[in-house]
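What follows is a single structure, written as structure tokens, with notes after it.
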Amino acid sequence: MTDEITTLDRQLAPLVRQAAPRTSALFGVGTDVAAQLLTTAGDNPDSLRSEAALAHLCGAAPIPASSGRVRRHRLHRGGDRGANHALHTIELCRMRYDQRTQTYLQQRISEDLSKQEILRCLKRYIVRDVYTALRADFAALAP
Numbered sequence: 000m001t002d003e004i005t006t007l008d009r010q011l012a013p014l015v016r017q018a019a020p021r022t023s024a025l026f027g028v029g030t031d032v033a034a035q036l037l038t039t040a041g042d043n044p045d046s047l048r049s050e051a052a053l054a055h056l057c058g059a060a061p062i063p064a065s066s067g068r069v070r071r072h073r074l075h076r077g078g079d080r081g082a083n084h085a086l087h088t089i090e091l092c093r094m095r096y097d098q099r100t101q102t103y104l105q106q107r108i109s110e111d112l113s114k115q116e117i118l119r120c121l122k123r124y125i126v127r128d129v130y131t132a133l134r135a136d137f138a139a140l141a142p
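Read left to right, the sequence shown gives residues 0 to 142 (numbering that gives the first Met the number 0).
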């Protein structure tokens, strides 16, 4: 099985890079993540009207969850769970290795946001990058 997986990964990587070069070039986006995002967005090309639509499709759209005097948001739990996992993978990679993301985390920590709120904001920020790259890749694929 390991040999088959390795062979398929080698075949998939050039296909994904050819179909989505801008998405594949984003920090933290590997072959599997780019393939998942392409699959999610490709299944619903008409629903990519805006980055908010992509966030909703990926389950990363903020939903008000306030009670009383506390104002907060949570992530939309619907949408494509595979795409949400892909965003989470990008999030973890950027938190560990990307200096801009680490600076952003420190800024949000200084604003006394909870870890859950910070991760929600970061995931929405990542959707903005992914949306821009996906739209550019789809425009390049169009005849």
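Heads up, the beta-carbon is just placed ideally off N, CA and C, and yes, glycines get one too.
Under 8 Å between C-beta atoms of residue i and residue j
{"i": "T30", "j": "L7", "result": "no"}
{"i": "L91", "j": "V126", "result": "no"}
{"i": "H55", "j": "G78", "result": "yes"}
{"i": "A135", "j": "R16", "result": "no"}
{"i": "L140", "j": "A24", "result": "no"}
{"i": "L133", "j": "L36", "result": "yes"}
{"i": "C57", "j": "T38", "result": "no"}
Reference residue i; option with closest CA among the options
{"i": "V32", "options": "A52, M0 and R80", "result": "R80"}
{"i": "A34", "options": "T88, A60 and P61", "result": "T88"}
{"i": "D120", "options": "A59, R76, L140 and A141", "result": "The displayed chain sequence assigns Cys, not Asp, to residue 120. It is A59 whose Cα lies nearest to the Cα of C120."}
{"i": "E116", "options": "P61, L47, C57 and D2", "result": "P61"}
{"i": "A82", "options": "I108, K122, E3 and F137", "result": "K122"}
{"i": "Y124", "options": "H84, T5, M0 and E50", "result": "E50"}
Cβ-based burial, residue i [other Cβ within 10 Å; buried from 16]
{"i": "D111", "result": "exposed"}
{"i": "Y130", "result": "buried"}
{"i": "L104", "result": "buried"}
{"i": "T100", "result": "buried"}
Chain-order list of residues whose beta-carbon lies under 6 Å from that of residue i (same chain, five-residue window excluded)
{"i": "G27", "result": "I89, C92 and R93"}
{"i": "R107", "result": "I117"}
Own chain, CB closer than 8 Å to residue i, minus 5 neighbours either side, in chain order
{"i": "C47", "result": "Correcting the residue type first, residue 47 is Leu in the shown sequence and not Cys. Only A40, L53, L56, Y130, L133, R134 and F137 meet the Cβ criterion."}
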